[in-house]
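Per the numbering used here: the sequence shown = residues 1338 to 1578. Built from N, CA and C at the ideal position, the CB exists for glycine as well. Take a look at the structure set out below.
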Amino acid sequence: MEVATFGLYSPLALSQYGIDKEVMNLGVGAERIAMILNKQEDIRAMVYPQSHGKWRLSDREIAAMLRINYYPTTNEGRILMDKIITTCQEHSDASSPCEFLIFKGEFLGKNIEVKVVEVEEGTKLLGPAAWNQIYIHDANILGIPTKEGNITDQLSLKALEKGIPTDISYMDGVTAQAAYKIEELVVSGEDNLNLRTTISRYISDINLILNDVALSYITGQNKVIDVRGPIFCTITCEIQG
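Structure (structure tokens):
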């Protein structure tokens, strides 16, 4: 293995700079020395460990790197988030068109009215994937229905049996973002908010964010992030007075 290169400069080249002494150049490859010291076989694994290195993240470690992105910053906002979750759980199968009052009263110094609504006829308040739970299995991130009868693919069945549950549902992300946006609404001077979540295709659609290290690992291992599904949740807020 080539560790270094060295040699004498040409006297002709040196003479052009007024140098009449012999000059030797020694170039040591830092990566090569590091390979020897660390007993590595592939230089790429040291320079580009994210794509060539032999490293592993456990499912539990990946689960710890997945979190809700936008989250209410105030105590009132977190209480409102819980109210949104509770109301949506109580009425998720209600036939549409329908609307349900979540909260009416003072919030961060202003009077607001918050509702969950579905104006389209012939459906339900929430879509069938709204309460899907996020599991990590064999470095795959999967959104799995809460009712086992709705699970048909083998990967999801294995994740339900052997995977790591994150205790995060699609609606956990949606309602956290709604409460966060309502906090913003109150301080921004605007007077209404209509937050519509339709179909989830990416984790950002359900207000989740994944650490770049975990994302690189999942991509490098040719694993999947599958959080697809219809949510169809509309949360509105109006500032009154």
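{"Query": "Extent of the continuous beta strand (DSSP E) to which Glu-1458 belongs", "Result": "Taken as a continuous stretch (DSSP letters only), Glu-1458 belongs to no beta strand (DSSP E), as it is neither H nor E."}
{"Query": "Buried/exposed call for Met-1361, threshold 16 Cβ in 10 Å", "Result": "exposed"}
{"Query": "Segment contact, 8 Å Cβ cut-off, at least three pairs: the segment 1547–1558 with the segment 1482–1499", "Result": "no"}
{"Query": "Cβ pair count under 8 Å reaching 3, the segment 1512–1519 against the segment 1361–1377", "Result": "no"}
{"Query": "Residue environment, Glu-1455, which counts as buried when at least 16 other CB atoms sit within 10 Å", "Result": "buried"}
{"Query": "Meets three-Cβ-pair contact criterion under 8 Å: the segment 1527–1546 and the segment 1560–1576", "Result": "yes"}
{"Query": "Short Cβ contact (8 Å threshold) for Phe-1343 with Gly-1366", "Result": "no"}
{"Query": "Check whether Thr-1503 and Ile-1471 have beta carbons under 8 Å apart", "Result": "yes"}
{"Query": "Pro-1348, DSSP secondary structure in three states", "Result": "helix"}
{"Query": "Contiguous alpha helix (DSSP H) assignments of at least 4 residues, all confined to the segment 1352–1430", "Result": "1367–1375, 1380–1384, 1386–1389, 1396–1401 and 1412–1428"}
{"Query": "Where Glu-1436 falls: helix, strand or coil (DSSP)", "Result": "strand"}
{"Query": "Beta-bridge pairing of Asp-1528 - partner residues as DSSP gives them", "Result": "The partner list for Asp-1528 (beta bridge, DSSP) is empty, contrary to what the question assumes."}
{"Query": "Three-way DSSP call (helix, strand, coil) for Asn-1487 in this model", "Result": "helix"}
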